[in-house]
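Going letter by letter, the sequence shown gives residues 1 to 637 in UniProt numbering. To start, the structure itself, in structure tokens.
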Amino acid sequence: MAIGPAGEHDGRMVYADVFARSIDDPEGFWGEAAQAVTWTKAPDRVLDSGNPPFYRWFPGGELNTCHNALDRHVEAGHGDRPALIYDSPVTGTRRTLTYGELRDQVARFAGVLRSMGVARGDRVVVYMPMVPEAVVAMLACARLGAVHSVVFGGFAPKELAIRIDDARPKVIVCASCGIEPSRVVAYKPMVDAALELAEHRPDGCVVFQREQAVAELGPRDLDWDKAMAAAEPAECVPVAATDPLYILYTSGTTGRPKGVVRDNGGHAVALLWSMRAIYDIRPGEVFWAASDVGWVVGHSYIVYAPLLLGATTVLYEGKPVGTPDAGAFWRVISDYGVNALFTAPTAFRAIKRDDPGATLLRREAISSLRTLFLAGERLDPDTYHWASEKLGVPVVDHWWQTETGWPVAANMRGLAPMPIKPGSPTVPVPGYDVRVLAPGGRECAPGEEGAICIKLPLPPGTLPTLWQDDERYVASYLTAFPGYYLTGDGGYVDEDGYLYVMGRTDDVINVAGHRLSTGSMEAVLSAHPAVAECAVIGVADELKGQVPRGFVVLKSGAEVDPATLRAELVQAVRDQVGAVAAFKRVDIVAALPKTRSGKILRKTMRGIAEGADEPVPSTIEDARVLDALRETLRGAT
């Protein structure tokens, strides 16, 4: 299918036609998209639906994802094109790798892994910071047909041990340390501690040494540089389209972790299609996903999708603020001519908090930027309006999950741009038959909130199952509404077909029998001119069952009387949500506890508020923020 931008006026018509075909003729639609991928053996068919709910895309096909991401661009004469730009304000390092250079490094590291016995189907755990070597390690696994499992650098040893025992890797690849704005975090001691706790014993560990904290190596450890110097490059190993490419464990798991599996064929087809159709990026253009390779955004849109397309990807080891200031993003866009930026709303809330007037931004310096894409959590209208006004480019909210691997709902900027509605990620992406269902399976009317589900089969690139646990896959996602994938998010569709995601279904609270979304209350709080970011949780109440409680962080330099602000916020919720919400308490706090990917830890906050002995989540960005909130949260409700 040819992809070319349409104007917003005719975007609805183009979108409707393309979407309808993707649902009515998924095999024809995705079979056409698959022609953009290089196969070593063409698929026998597009979709195997013979064993529902376990659908498989492109059965019989063979390919190598690394070849599609690197070798084929070099072979096409683009070896000198920049593939990866590394920018690290925390170390003062900048480095650019061309497609040819990156291919050569990946081939050589694949040789290192091969010399350690890694072969097709073996697992490799990667525990690294945002350095080029992390990307090299991931692609080297793909080159050999091995399965990588990236664990966010800095995860606690216990959590790392659980993942090691579940994935049972042949090799671990790690760095000696990670670097935060205020500290150096030694990784190798955490790997050693995890291996003490784990039952599984990998054959060896490759350690990339960083000068900020050089690790002491043991008898089974290899130094990255020395191993690379001695290695022979490895060629690409063709694998089945249905073979796993990677395992990515969802955050915040307890007990046995939930390992999302991504296959090779569907993943390559979907991500390559998405770069053009959703993100409007062409080969040679510069795409920056300001995330981390430990998260799904990093897998999909730092590493694989841009390289599958032949674009240039930015790998940024820094923060939106503090490295050194709230102008960091503008510098990166300016320095490298970034055409599209993808990050989380929390990053822009942090920038807005520190520089509410955007005094560090000069539009002419970021003239290359065409679009800002935001995802990972609900985009509040205030942040949307602020970013739109300051940047002067379309701000595109879009929504997806670790499990889906690529967007479920978006404004299709490369295919059919549509009018933007603040608060909505626009419409379901072709391939996703999204339905909003009420208890019992009835489809909700426009404007009626319910559970957001996706009718099976899911499109290519989504999870086919969980790692070695089909039963849990069915129980977790496919049981609540038979024939549908349960996203776990609630929301509604409006009269125009626009989707609104109001938050996790466990963020719907029951106040005296009335089901209310905390997301709707957060939208009201975030609209106040003094509020940088906010969270609303439901806490237990003897009379009403639950009552909402708000927490707000103020913008930098905001001069307000706390009592006046609280009264204004309470009244605003009463006016816009209704008195039934019983919203009476809001606290002003210095910061909200978040995961490293920027998601507010609402469930943890709720547990503490209700007196539970909540552990510090392994995914938390700064445990000190949670400690500071404990007394506030445990106060009278």
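Note that CB positions come from ideal geometry on N, CA and C, so glycine has one too. As the structure is a prediction and not an experimental result, all values here were calculated from the model.
- Within the same chain, Val46, Pro460 come within 6 Å of tryptophan 30 by CB-CB distance, once the 5 residues on both sides are set aside.
- By the CB criterion at 8 Å, alanine 137 and valine 173 fall inside the cutoff.
- Distance check between phenylalanine 481 and each of Leu437, Tyr492, Gly490 places Leu437 closest, using alpha-carbon atoms only.
- Of Lys594, Ala231, Gly405, Val524, the smallest CA-CA separation from valine 570 is found for Val524.
- No Cβ-Cβ contact shorter than 8 Å links isoleucine 600 with proline 548.
- As summarised for the segment 119-176, the continuous beta strand (DSSP E) elements at least 3 residues long and confined to that stretch are 123-127, 147-150, 171-175, given in chain order.
- If you check the CB distance, isoleucine 333 and isoleucine 281 do not come in under 8 Å.
- For arginine 108, the secondary structure class from DSSP, reduced to helix, strand or coil, is helix.
- In the pairwise beta carbon analysis, the segment 548-557 is classified as touching the segment 589-608: at least three pairs are separated by under 8 Å.
- Within 10 angstroms of the beta-carbon of aspartate 397 lie 16 or more other beta-carbons, which makes it buried.
- Lysine 158 counts as exposed, since fewer than 16 other beta carbons sit within 10 angstroms of its beta carbon.
- Nearest in C-alpha terms to aspartate 380, of all of Val501, Ile247, Ala36, Tyr99, is Val501.
- With respect to alanine 311, glutamate 285 sits close: the two C-beta atoms are nearer than 8 Å.
- Look at arginine 81 here: in three-state DSSP terms it is coil, with no helix or strand label.
- Partner residues in the beta bridge of leucine 47, as assigned by DSSP, are Trp57.
- Between the C-alpha atoms of methionine 412 and alanine 340 there is a straight-line separation of about 14 Å.
- Pairing arginine 363 with glycine 337 gives a Cβ-Cβ distance that is not under 8 Å.
- Judged by DSSP secondary structure, aspartate 587 falls within the beta strand (DSSP E) whose first and last residues are 585-588.
- Put simply, the segment 27-42 touches the segment 56-74. At least three CB pairs are less than 8 Å apart.
- Counting the other CB atoms within 10 Å of its CB gives serine 149 a total of 16 or more, which places it among the buried residues.
- Counting C-beta atoms within 10 angstroms of its own C-beta, valine 239 has 16 or more neighbours from the protein chains shown and is therefore classed as buried.
- Relative to alanine 33, the option among Met275, Val474, Trp288, Ser368 whose CA is nearest is Met275.
- Counting along the chain, alanine 186 sits inside the beta strand (DSSP E) bounded by residues 183-186.
- Around the beta carbon of glutamate 631, fewer than 16 other beta carbons lie within 10 angstroms, which makes this residue exposed.
- Taking 3 residues as the minimum length, the beta strand (DSSP E) runs contained wholly in the segment 364-394 are 371-374, in order along the chain.
- Threonine 564 carries a helical assignment under DSSP once its states are collapsed to helix, strand and coil.
- Scanning its chain for C-beta atoms nearer than 7 Å, with the 5 sequence neighbours on each side dropped, one finds around aspartate 203 the residues Met116, Gly117, Lys170, Val171, in chain order.
- Note on geometry: alpha-carbon atoms of valine 124 and aspartate 335 lie some 35 Å from one another.
- Looking at Arg256, Ala110, Asp292, Ile454, the one whose alpha-carbon comes closest to that of glycine 491 is Ile454.
- Looking at the DSSP output, glycine 259 bridges to Tyr249.
- In the DSSP assignment, aspartate 469 falls outside any beta strand (DSSP E), carrying neither H nor E.
- Excluding the 5 residues flanking it on each side, alanine 416 has same chain C-beta neighbours closer than 6 Å at Ala6, Gly11, Val14, Tyr15, in chain order.
- Linking aspartate 166 to proline 59 through their CA atoms gives a straight-line distance of about 26 Å.
- For valine 531 and methionine 521, the gap between their C-alpha atoms comes out near 13 Å.
- Here aspartate 87 is actually not in contact with arginine 81; their C-beta atoms are around 18 Å apart, not less than 8 Å.
- Beta-bridge annotation (DSSP): threonine 65 is not paired with any residue.
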